[in-house]
Amino acid sequence: MASSTRGDMTAAAILLVAVSAAEYLVSVYHMDIIIVFGCRMRAMMQGAIFNKAVHMPATMRNTYPTGAVVSLLAVDCGTLALSVMVFPMPIGGLITMPVVLWLLAERAGTYPTLCCLAWMIAVFLMPFGAFKFQRKFWIL
1 MASSTRGDMT AAAILLVAVS AAEYLVSVYH MDIIIVFGCR MRAMMQGAIF
51 NKAVHMPATM RNTYPTGAVV SLLAVDCGTL ALSVMVFPMP IGGLITMPVV
101 LWLLAERAGT YPTLCCLAWM IAVFLMPFGA FKFQRKFWIL
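Start counting the sequence shown at 1; every next residue gets the next number (UniProt numbering).
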């Protein structure tokens, strides 16, 4: 009986390592796709703005100073591209977390699942407390 339990634990440990490695590879691939998409989007926006600025009539050039166009190219395009790269990241967790919690409840029971859920909620709520603390003690 003991060797059966030892074999089950070994199989579970190997499965955990395999799943962790697979999740790492999928995450790296997902990040690569998101970064490539963000870089391409930034390049397309910068090209469109540059093309529009080059072909702008002289009367409109007086309305929009060069600094505004440079700021749009350098700052706003980069910020928007970064937002496009960052916003999709939590979607994978939102999709898989209910499945993971259900599997944990099936395997380990309700109490460990509630503990994990409580920890996730605590981590999610921590920044809100920090924001309130910052607003209270920062002098602007």
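Heads up, the beta-carbon is just placed ideally off N, CA and C, and yes, glycines get one too.
Under the three-state DSSP convention, the category residue i falls into
{"i": "serine 30", "result": "One point to set straight first is that residue 30 is histidine, not serine, in the sequence displayed. Helix, per DSSP."}
{"i": "tryptophan 138", "result": "coil"}
Residue i, enclosing alpha helix (DSSP H) - first and last residue
{"i": "glycine 109", "result": "Per DSSP, glycine 109 belongs to no alpha helix (DSSP H) and is neither H nor E."}
{"i": "methionine 84", "result": "Note that residue 84 is valine in the sequence shown, not methionine. Valine 84 -> alpha helix (DSSP H) spans 77 to 86."}
{"i": "alanine 58", "result": "58 to 63"}
{"i": "alanine 68", "result": "66 to 71"}
Candidates the options: closest to residue i by CA position
{"i": "threonine 98", "options": "Leu114, Gly7, Phe87, Thr66", "result": "According to the sequence shown, residue 98 is proline rather than threonine. The shortest Cα separation from proline 98 among Leu114, Gly7, Phe87, Thr66 belongs to Leu114."}
{"i": "glutamate 23", "options": "Gly92, Pro112, Arg6", "result": "Gly92"}
{"i": "aspartate 76", "options": "Met126, Ile95, Gln46, Val28", "result": "Gln46"}
{"i": "methionine 85", "options": "Ile14, Asp32, Ala21", "result": "Asp32"}
{"i": "arginine 42", "options": "Leu117, Gly78, Gly109, Pro127", "result": "Gly78"}
Residue i burial status per 10 Å Cβ neighbour count (16 or more: buried)
{"i": "methionine 120", "result": "exposed"}
{"i": "glycine 38", "result": "buried"}
{"i": "arginine 40", "result": "exposed"}
{"i": "alanine 81", "result": "buried"}
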